[in-house]
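Just so we're aligned, residue 4 is where the sequence shown starts under this note's numbering, counting upward by one. Below is one structure; the comments refer to it alone.
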Amino acid sequence: MKKDGFPLKRNYKERYDITRNSSRIRSSDVIAGVFDNLSYFDSPDPSLIAAKGTIDGVECYILGQEKRRQGKESLATGMITSKGFAYVLDVLDLAEKNQIPVVSFIDTFGGDTSMESEIGGQSFLISDCISRYGGVKTALVSYVIGEGGSGGALALQVADKSYMLENSLYSVIAPESCCRIIFHRRLTSGENIEDTVPDALEMLRPGAEHIKEIGMIDGILPEPINGAHENYEFTIDTIKESLTLTLKDWVVELKTGEKVLKPKLVDKLVVERRQRVLNYGMFEDTIDKLTKRKIMKSVHEKINTVDIEREEFYTQLLMKAHMEEKGIEETELFECTKEWDVDKNLFKVKGGCGFVPYQQYVDNYYACPKCGKGEYLTVEEQIDKVCDPNTFEEIESDLTIHKLIGKERYYFGQYQKSLDKTTETCFSKEGLVAGSAKLNGKPIVLIVTDLKFFGGSFGAAFGEKFKRAVDFAVKNKFPMVSICASGGARMNEGPMSLAQMAKMNMAILDLKKAGVLYLSVITGPTTGGAYASYATQGDVMFGERGSLVEFAGPRVVTGAGFEVDKEIVCTDNLHETGKIQHLVDRKGLKESLAYYVNIYHDMTFPAERKITGRVNDFRKPVEPNFVS
Ligand SMILES: [Zn+2]
């Protein structure tokens, strides 16, 4: 079956060109070619195909992301909307109920970034899909057939067996969006996006061989010599053969001739899937080293230097704002400036509602008590805001990507330089700070993102610290409180950072199964991956008033041709539309959390919580409307 060109002799740019060929095979072609007895469901989104069909006598549910096709009128973009993701959850419910395997085909630039999807709870639903794929009690197979872009792809990709076509790409962010952020300066100085794409691809490492290396897929399937657009039949046969073989191991034929999943198979798959996803983003030789590492506890020496830290931090912010104003270099995250009426001692924050007395502003942790607009807080201030004084004890303060996977893999070049520099000035050695603390005398586990650390973004070490914080919370039965402000997945770590979304959501399933309370606080700015993963999985959701929350960063959204509506992309709107339960002031956050922490500690919880169906039942599903 192997032909020239396999395995993977092409560079990223060549594969990118093949993947973007407008005649490349689409999900609809693959589905029509691979399955018999197809009946299509009434999907609410042209970018999502949902169907039922058989292969080699095995009935499957089928989900496919459909990109626009050359020469055909179509509303499909491949970018699934919030309605589409809600529908995916419905299909998974149905698959679990009927014990039918689900086969997913991934081909997308990413999830839809329109304001309609934002209103529909895009990030919440993508996060739910990732969790649901992680825990759903049926067998799962997935194929990346074209392009896997960010959380929108990951939402359908976690499976018991996963494959990629040889030339397909799986990336933490669409390459063009990466260029708009990383190579902004080059673009403003006249270069075209196309000129910067090859460099972005080198950083993003989206090739199948690397995705396999970090455990996110099991196999790479060959394409015709010049790519899958050249010969659909070849590609269809390849996928058909792979799927038939995969399912063959899982099914048993009844006397009636019907082929069903083997008894007890699903329980085994779910256990293995959990372990597999918790190792996502790790290299095989480092997993062993990692499991031997014990959770380390330390009292942090920098904890009492709040004021000094703030001044330094604030100077940085002012500098960034200044640079942005002068057009020197735009930054994705920061837009905070303030006016100070020195005589009256009144403050006004940019975008805020008006002047307020300075003391009120400081007492509310550097935010306007009326509208919530304010400055970003340091880790020390976040800890101070919710913990009893001097009770925070950090765990895993020294866990770094260097220690996790060695120098040679990601910890080199410019990234190493930036990391080393950042580590020197930051609270911890990664963007997530975790530890135990007391909240009104009751023990908790607290995790806080550090905006100073690559904008609160996550990579492999962040994800591992998150998992260890969960393990620590489960072991001690302490409720876990998360305070999140994050720019999303750290592009410098490529797919390894994307993988953390699945890993962290899987860890949260552990937390929920163990009956441990998880309180999630969203502060600003929170965009991208953290928002579309762990930050939206709280048993109770809190938002700090006036905080920016958006599925994709502003530059990505405008780059995709959408307007950003500031009334929509804020925590106040999340509260109005019922996506979060509590909208709080910074000053009042501690007491709001204490209410639940107290209830939790006063109750006797069952040792294990039984999870059936969706983890978050309060989210409204769309009405299932299947047409056969
Ligand atoms: Zn205000």
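C-beta atoms are modelled at their ideal positions from N, C-alpha and C, and glycine is treated no differently. This one's a predicted model, so the numbers in the text were calculated from it and none came from an experiment.
| Query | Result |
| --- | --- |
| Proximity test, CYS573 beta-carbon vs ligand 1 heavy atom, cut-off 7 Å | no |
| Short CB-CB distance (under 8 Å) between ASN479 and chain D | Among the protein chains of the structure shown there is no chain D, as only one such chain exists. |
| Contact set for SER120: own chain, Cβ-Cβ below 6 Å, skip 5 residues either direction | THR84 and SER85 |
| As assigned by DSSP and simplified to three states, the class of HIS232 | coil |
| Alpha helix (DSSP H) runs wholly inside the stretch 387–426, at least 4 long, in chain order | 404–408 |
| Three-way DSSP call (helix, strand, coil) for ASN443 in this model | coil |
| Reference LYS164, options GLY124, GLU197, THR249 and GLN125, closest by Cα | THR249 |
| The stretch 403–423 touching the stretch 434–451, judged by at least three CB pairs closer than 8 Å | no |
| Contact under 8 Å by Cβ, GLU235 with GLY36 | For clarity, residue 235 is Tyr in the given sequence; the question names Glu instead. Taking 8 Å as the Cβ cut-off, TYR235 and GLY36 qualify as a contacting pair. |
| Of the listed residues THR529, ILE404, GLN419 and CYS374, nearest to VAL451 (C-alpha basis) | THR529 |
| Collapsed DSSP secondary structure at CYS132 in the structure displayed | helix |
| For PHE465, the nearest candidate out of MET483, ALA533, VAL552 and PHE554 (CA to CA) | ALA533 |
| Beta-carbon proximity list for GLY138, same chain, < 6 Å, skipping 5 on both sides | LEU512 |
| Every unbroken beta strand (DSSP E) inside the stretch 520–606 [3 residues or more] | 521–525, 543–547 and 585–587 |
| Distance cut-off 7 Å: GLY591 Cβ against heavy atoms of ligand 1 | no |
| Nearest neighbour of LEU281, chosen from ASP474, SER485, ASP32 and GLU169 [CA to CA] | ASP474 |
| Which of helix, strand or coil DSSP assigns to ILE220 | coil |
| Identity of the residues DSSP links to THR238 by a beta bridge | THR238 pairs with nothing; no bridge assigned. |
| Those residues, in chain order, that have a beta-carbon closer than 5 Å to some heavy atom of ligand 1 | GLY355, CYS356, CYS371, LYS373 and CYS374 |
| Where LEU336 sits in the DSSP three-state scheme | With a pLDDT of 30 at LEU336, under the threshold of 50, the modelled position of this residue cannot be trusted, and the question is left open. |
| Cβ shell of ASP391 (< 8 Å), same chain only, five flanking positions each side left out | ALA440, LYS441, LEU442, ASN443 and GLY444 |
| Under the three-state DSSP convention, the category ASP158 falls into | A small fix is needed here, since residue 158 is Ala in this sequence, not Asp. If DSSP states are grouped into helix, strand and coil, ALA158 belongs with coil. |
| Unbroken alpha helix (DSSP H) run spanning ASN282, endpoints | Segment: none, ASN282 is in no alpha helix (DSSP H) and carries neither H nor E. |
| When ALA162, TYR414, GLU427 and SER134 are compared against GLY541, the one with the closest alpha-carbon | SER134 |
| Backbone CA spacing between TYR521 and ALA472 [nearest angstrom] | 12 Å |
| Backbone CA spacing between GLU594 and THR574 [nearest angstrom] | 19 Å |
| Other residues of its chain near ALA505: CB distance less than 7 Å, five sequence neighbours each side excluded | ILE133, GLY137, LEU157, VAL161, VAL280 and TYR283 |
| Proximity to TYR173 [Cα-Cα], best of MET507, HIS604 and ALA502 | ALA502 |
| Under the three-state DSSP convention, the category VAL139 falls into | coil |
| Span of the beta strand (DSSP E) around ASP366 | First-last for ASP366: 361–366, but that is the alpha helix (DSSP H), not the beta strand (DSSP E). |
| Own chain, CB closer than 6 Å to ASN495, minus 5 neighbours either side, in chain order | TYR418 |
| Strand pairing of ASP39, partner residues [DSSP] | THR57 |
| For PHE465, the three-state DSSP class (helix, strand or coil) | helix |
| Chain-order list of residues whose beta-carbon lies under 6 Å from that of THR394 (same chain, five-residue window excluded) | ALA440 and LYS441 |
| Cβ neighbour criterion (16 or more within 10 Å) applied to ARG548 | buried |
| Beta-carbon proximity of LEU380 to TYR369, cut-off 8 Å | yes |
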